[in-house]
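What follows is one structure encoded as structure tokens, with my remarks underneath.
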């Protein structure tokens, strides 16, 4: 069995890639799951690096592809469940106050995610797994609104399995070029985020105008 750290072709054995490789080398599949669980809890950690690297590890024989998909999906669900519980137990004001104190994140990200959930409801949990930023944070409004836990866990598992499968298998097939996945996924993720943000802005404008129209109608004699 090869070491992922020794086989890293383009990345130094430090940073996110080195950290994730060390976890996989030390713990195997559970290490990959732990890395993805932490990525869910702290969005600045990039799944676009961790998942293809896990696929590369599977290609090197460090873990099996099935183990890579099982543990990363379990890690995604575990991290999402933790954020769901934070939203459910802490409430909106305390969650926003806590989020504002975290480094490398913006308050507007959580606000946009809440708007996304308000617009799409349970579908946001499923499709949000492929949208950057929302991928992790959508669990918070789901907890705030007390979405039924079985439905939340089921949709999170399905959405996570799809996202994880694409990136893990891309890393598996690309081998030494696994790090190219992050470049292309990063560009695609930015495009998706721009489109989603524009759609949310339009949704807010329409809602505000609709509310003003109803208010004016009520004032008419």
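Residue numbers (our numbering): 799 to 1019. A virtual CB, placed ideally from N, CA and C, is assigned to each residue, including glycine.
According to DSSP, is residue i helix, strand or coil?
i	result
residue 990	Because the pLDDT at residue 990 is just 49, under 50, the model does not fix this residue reliably, and the point stays unresolved.
residue 821	helix
residue 813	helix
residue 849	helix
residue 904	coil
residue 826	coil
residue 889	coil
Can you give me the start and stop residues for the alpha helix (DSSP H) that residue i sits inside?
i	result
residue 840	It is not in any alpha helix (DSSP H) - residue 840 carries neither H nor E in the DSSP assignment.
residue 861	Where residue 861 is concerned, there is no enclosing alpha helix (DSSP H), given that its DSSP letter is neither H nor E.
So, are the CB atoms of residue i and residue j less than 9 Å apart?
i	j	result
residue 851	residue 876	no
residue 926	residue 936	yes
residue 903	residue 844	no
residue 923	residue 898	no
residue 868	residue 827	yes
residue 880	residue 920	no
residue 848	residue 864	no
residue 911	residue 893	no
residue 823	residue 860	yes
residue 957	residue 854	no
residue 914	residue 929	yes
residue 938	residue 885	yes
residue 966	residue 833	no
Entirely enclosed alpha helix (DSSP H) segments - the region 913 to 985, minimum 4 residues:
As far as the region 913 to 985 is concerned, its whole alpha helix (DSSP H) runs of at least 4 residues are 920 to 925, 932 to 935, 937 to 942 and 947 to 972.
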